[in-house]
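These protein sequences, in sequence, are chains A and B. Take 1 as the starting number for the first sequence in the UniProt record's numbering and just add one per residue. Take 1 as the starting number for the second sequence in the UniProt record's numbering and just add one per residue. Glycine residues also receive a C-beta, built at the ideal position from the N, C-alpha and C atoms.
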Amino acid sequence: MKLNERSVAHYATCDSPADHTGFLRKRVERHHHHGTSYQRRWFVLKGNLLFYFEERESREPMGLVVLEGCTVELCEAAEEFAFAIRFDDAGARAYVLVADGQAAMEAWVKALSRASFDYMRLVVRELEKQLEEACKSLAACRKSPRRSSSSGRKRHLSNPALQPLQEKPTTLENGYSTWSSGGCVAGGATCPDYDGGQTKPPPLPPRRRSAASSATGSPASGLSPAMLESPVPPETICFSKLHNWYGQEIAVLRREWQERQKRGHP
Amino acid sequence: AVLKKRLVKLVVNFLFYFRTDEAEPIGALLLEHCKITKEEENVFSISFIEEPERKYCFECATEEQCQEWVEALRRASYEFLRRSLIFYRNEIQKMTGKDPLEQYGISEEARFQLGAHRQ
């Protein structure tokens, strides 16, 4: 299967910031060989792509793992600090990786678990909804600034003759922003008292939390596991082909290059 | 240049292409650091940052289909998603004073920070 390998290699090695990098020992997969061995490689995570290089200074990656339709889990290997990337596609090989220590292992597992495009898309969609809700709340507030509220606080009524001041948004101690001139407080916060004569909008009811966050309530990832384990589309088979292909192609190219070097070609 | 009929599938940030009626793709394009250009009628092209003169051209059945593909492909990169996330996070933070990523436990991750210089 063809791949735009030059572009892929460029993406892997260009100076766009990586999401995580480091040395890991990668288990060597041998079909007809007893005993396991590991090779130390330089790993670079960019987006949903995990590249590995023979050495940190290598100019081209040796291989590529596409982090879609996979799980990252701690590994019951003989090695300490081992974890595995396993794919839902039964035909795809697993990658067993070993970190230098507990902290490194945890950091890698965390980074890899959240690397998928699907995860990003989920988060973005969730934020889109939240932004929409926040805008709607603001719009509703602006339309009816004199709506009575259930708060029992005393309120200064606005004097229609006065022009409201144009202020930049200020941040209150409780972290909510407020705008003047028909603006409002987003969320159920209480406002500080302004000088008399300025409109004080009533506080909005407490912001409703989205279904995703209220369902779990845990301090860890707010997405329930069910949301992350979506049914595997047939396209994941394509990704495992990419892994196999890329590894082989690069190995062949490297051998050819090394042979040319030996023969004294530039 | 000869145009060959292909089944084309956009899956996350990869564009796979198949010979029609075949189950396995014959090729894939990683859609990062690329530019999608609307060419003549029904045609768009994909080119990559390190080799801008090399264009992968695609001809669609209709102009409407062509526009759909251009829009979908422009939003297909992981980097585009990341920029969207940073944008929404920033906007929500400005409006509500709260960081929406805190509930996911990912607010500290470097890859989601505002002002990070990303391509």
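Partner residues on chain A for residue i, Cβ-Cβ distance less than 9 Å
i, result
"B/F48", "N4, R6, S7, H10 and Y11"
"B/A72", "Those do not exist, as B/A72 stays about 13 Å from chain A at its closest Cβ, beyond 9 Å."
Burial state of residue i, where buried means 16 or more other Cβ atoms lie within 10 Å
i, result
"A/E126", "buried"
"B/K5", "exposed"
"A/T36", "exposed"
"B/E64", "exposed"
"A/R31", "In the sequence under discussion, the amino acid at residue 31 of chain A is His, which differs from the Arg named in the question. The residue in question, A/H31, is exposed, as its Cβ has fewer than 16 Cβ neighbours within 10 Å."
"B/V11", "buried"
"A/K136", "exposed"
"A/K46", "buried"
"B/T96", "buried"
"A/Q102", "exposed"
"A/A78", "exposed"
"B/V2", "exposed"
"B/Q103", "buried"
"A/S221", "Its pLDDT being 36, under 50, A/S221 is placed unreliably in this model, and the coordinates cannot settle the point."
"A/S151", "Note that A/S151 scores a pLDDT of 44, beneath 50, so its modelled location is shaky; the value from the coordinates is reported in the next line. Counting Cβ neighbours within 10 Å, A/S151 comes out exposed, since fewer than 16 surround it."
"B/L15", "buried"
"A/R260", "exposed"
"A/V98", "buried"
"A/Q130", "buried"
"A/R114", "buried"
"A/V8", "buried"
"B/L7", "exposed"
"B/R75", "exposed"
Chain B residues whose Cβ lies nearer than 7 Å to that of residue i
i, result
"A/V124", "L81, S84, L85 and Y88"
"A/A134", "I92, M95 and T96"
"A/E68", "V12"
Selection from the options that minimises the alpha carbon distance to residue i
i, options, result
"B/I86", "B/A76, B/P100 and B/D21", "B/P100"
"B/S47", "B/F16, B/C34 and B/D21", "B/C34"
"A/E68", "A/R263, A/A82 and A/L50", "A/L50"
"B/E109", "A/T13, A/Y52, A/A18 and A/R263", "A/A18"
"A/C75", "A/A111, A/V44, A/Y95 and A/R260", "A/Y95"
"A/S10", "B/K38, B/E41 and B/I49", "Note that residue 10 of chain A is His in the sequence shown here, rather than Ser. Here the closest residue by C-alpha is B/I49."
"residue 286 of chain A", "A/V44, A/K129 and A/A140", "Any answer about residue 286 of chain A is impossible in this case: the structure gives chain A only from 1 up to 266."
"B/S107", "A/M105, A/A111 and A/D100", "A/A111"
"B/C66", "B/R83, B/E41, B/S84 and B/R75", "B/E41"
"B/F44", "B/R19, B/A61 and B/T20", "B/A61"
"B/Q113", "B/K98, B/K94 and B/R83", "B/R83"
"B/K9", "B/W69, B/E39, B/E51 and B/T37", "B/W69"
Within chain B, partners of residue i - CB distance below 9 Å
i, result
"A/R121", "V12 and L81"
"residue 272 of chain A", "What the structure shows of chain A is the stretch from 1 to 266, and residue 272 of chain A is not part of that stretch, so it cannot be assessed."
Under 8 Å by beta carbon: chain B residues contacting residue i
i, result
"A/G35", "The premise fails here: A/G35 is roughly 34 Å from chain B at the closest Cβ pair, so nothing lies under 8 Å."
"A/L131", "Y88, E91, I92 and M95"
"A/V57", "In the sequence as presented, Val is not what sits at residue 57 of chain A; that position holds Glu. Under the 8 Å cutoff, chain B gives no residues; its nearest Cβ is about 20 Å from A/E57."
"A/M105", "Correct list: empty, because the minimum Cβ distance to chain B is about 17 Å."
Counterpart residues of residue i in DSSP-defined beta bridges
i, result
"B/S47", "B/K35 and B/K55"
"A/R25", "A/R40 and A/V98"
"A/A82", "A/V98"
"B/Y78", "Answer is none; B/Y78 lacks a bridge partner."
"A/V66", "A/L49"
"A/G91", "Its beta-bridge partners do not exist; DSSP assigns none."
"A/A134", "Its beta-bridge partners do not exist; DSSP assigns none."
"B/L30", "B/F14"
Interface partners of residue i on chain A, CB under 7 Å
i, result
"B/I106", "R114"
"B/E68", "Residues of chain A passing the Cβ test: none, with the nearest at roughly 18 Å."
"B/L29", "N4"
"B/P100", "L127 and Q130"
"B/I26", "M1 and K2"
Residue i Cβ short of 7 Å to the ligand MG heavy atom set
i, result
"B/H33", "The ligand MG is not part of the structure shown, which contains no ligands of any sort."
Closer than 8 Å at the beta carbon, the chain A residues around residue i
i, result
"B/L61", "According to the sequence shown, residue 61 of chain B is Ala rather than Leu. Under the 8 Å cutoff, chain A gives no residues; its nearest Cβ is about 22 Å from B/A61."
Taking three-plus beta-carbon pairs below 8 Å as touching, is the segment 54-64 of chain A in contact with the segment 6-23 of chain A?
By the Cβ test, the segment 54-64 of chain A is in contact with the segment 6-23 of chain A, since at least three Cβ pairs between them sit closer than 8 Å.
Cβ pair count under 8 Å reaching 3, the segment 50-57 of chain B against the segment 87-96 of chain B:
no
The segment 20-40 of chain B in contact with the segment 72-79 of chain B per 3-pair CB rule at 8 Å:
Cβ pair count under 8 Å is three or more, so yes.
Is it the case that the segment 113-124 of chain A contacts the segment 86-93 of chain A, given that we only count it when at least three CB pairs across the two stretches are under 8 Å?
no
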